[in-house]
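So in this note's numbering, the last spot in the sequence shown is 1470, and the numbers never skip.
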Amino acid sequence: MRQNTVVGNWKMNLTLEEAKIFMLNFMSYDLPKRVQLGICVPFTHIYYLSENYNQVSLKIGAQNCSRHEKGAFTGEVSAQMLASAGAEMVIIGHSERRKYQSESEEELLQKIHRALEADLDIIYCLGETLEEREAGQLQSVLERQFLEGPGKLSKEAWESITLAYEPVWAIGTGKTATPEQAEEVHAMIRQLLAEKVASETAEKTTILYGGSCKPNNAEELFSQPNIDGGLIGGASLNAEDFLAIAKSF
Ligand code: PGA
């Protein structure tokens, strides 16, 4: 069901010691009741954090998984391993991985299947670069990322999928999409879902905004009809900022 959701993406930040300090601080506050919270952490932190902090209102997740089930893939971590370490969700298709690891839609779709087999919830990211936006390619880029990726999935699979619209030009840059810009794209994505999957799926799917979402702009973003919450990078590293964003609905 569509749900107010705020998920942190720690990226490659915080040692395990620092993560423990963050959690002690974060959990000392009253967490908002009607918001689904999540934090996607480095692989090395999943077991400890999920053993100690996984609960109904806070899910611990990973930032990536292998496209393969298992085998001779040195350095890779499978979706089954993540689930066995206690992860409840995984980010797939983040623009940093699309860029630095050259992840293709085909590979991302394989990752989605592995995550579904392992019963992980999925946050699938999509979004355009500044060049693509300026060249008028916004719609075609989003359509490709959607249709060649999760657009191929059955209606049932969508029960486990949350989408995150993350304009690449807004990630870590301090340049947020305006609420109107973000809403326009979220509505476009919901329309794609209705046309390509089912109108019921479009109604039910949670779509998050990500890209320089901070305590001072979250409320306006989250008040848009098609924005169900945020995927938070930088601001999720500070317990007070992350909490303030989670309380912005
Ligand atoms: P940011 O990152 O909030 O630091 O812009 C968002 C993301 O990459 O998910």
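For every residue, glycine included, the Cβ atom is placed at its ideal position computed from N, Cα and C.
Any non-hydrogen atom of ligand 1 within 7 angstroms of residue i CB
i	result
residue 1453	yes
residue 1348	no
residue 1393	yes
residue 1433	yes
residue 1387	yes
residue 1234	no
residue 1465	no
residue 1456	yes
residue 1285	no
residue 1438	no
residue 1459	no
residue 1230	yes
Rounded separation between residue i and residue j - CA only
i	j	result
residue 1457	residue 1231	7 angstroms
residue 1396	residue 1431	11 angstroms
residue 1254	residue 1434	21 angstroms
residue 1437	residue 1403	16 angstroms
residue 1360	residue 1247	38 angstroms
residue 1245	residue 1239	10 angstroms
residue 1316	residue 1453	14 angstroms
residue 1355	residue 1269	44 angstroms
residue 1224	residue 1342	14 angstroms
residue 1264	residue 1371	24 angstroms
Nonlocal neighbours in the same chain, by C-beta distance under 8 angstroms from residue i, ignoring five residues either side
i	result
residue 1428	1383, 1384, 1385, 1386, 1407, 1410, 1411, 1447, 1448, 1449
residue 1271	1281, 1306, 1307, 1308, 1309
residue 1299	1286, 1287, 1289, 1290, 1291, 1335, 1339
residue 1275	1281, 1307, 1309
residue 1252	1258, 1278, 1279, 1464, 1467
residue 1474	The requested residue 1474 is not part of the displayed model; the chain covers only 1222 to 1470.
Sequence-distant residues of its chain with Cβ nearer than 6 angstroms to residue i (five each side left out)
i	result
residue 1362	1349, 1353
residue 1237	1266
residue 1525	This structure does not reach residue 1525, given that the chain is present from 1222 up to 1470, and the question cannot be answered.
Whole-number beta carbon distance between residue j and residue i, since they are thought to touch under 8 angstroms
i	j	result
residue 1302	residue 1344	Contact doesn't hold; Cβ gap of about 18 angstroms is too wide.
residue 1226	residue 1256	7 angstroms
residue 1366	residue 1326	6 angstroms
residue 1425	residue 1233	Rounded, the Cβ-Cβ distance is 33 angstroms, inconsistent with contact.
Own chain, CB closer than 7 angstroms to residue i, minus 5 neighbours either side, in chain order
i	result
residue 1455	1393
residue 1318	1285, 1324
residue 1439	1451, 1466, 1469
residue 1243	1235, 1460
residue 1415	1423
Does the segment 1434-1454 touch the segment 1372-1382, meaning 3 or more C-beta pairs lie closer than 8 angstroms? no
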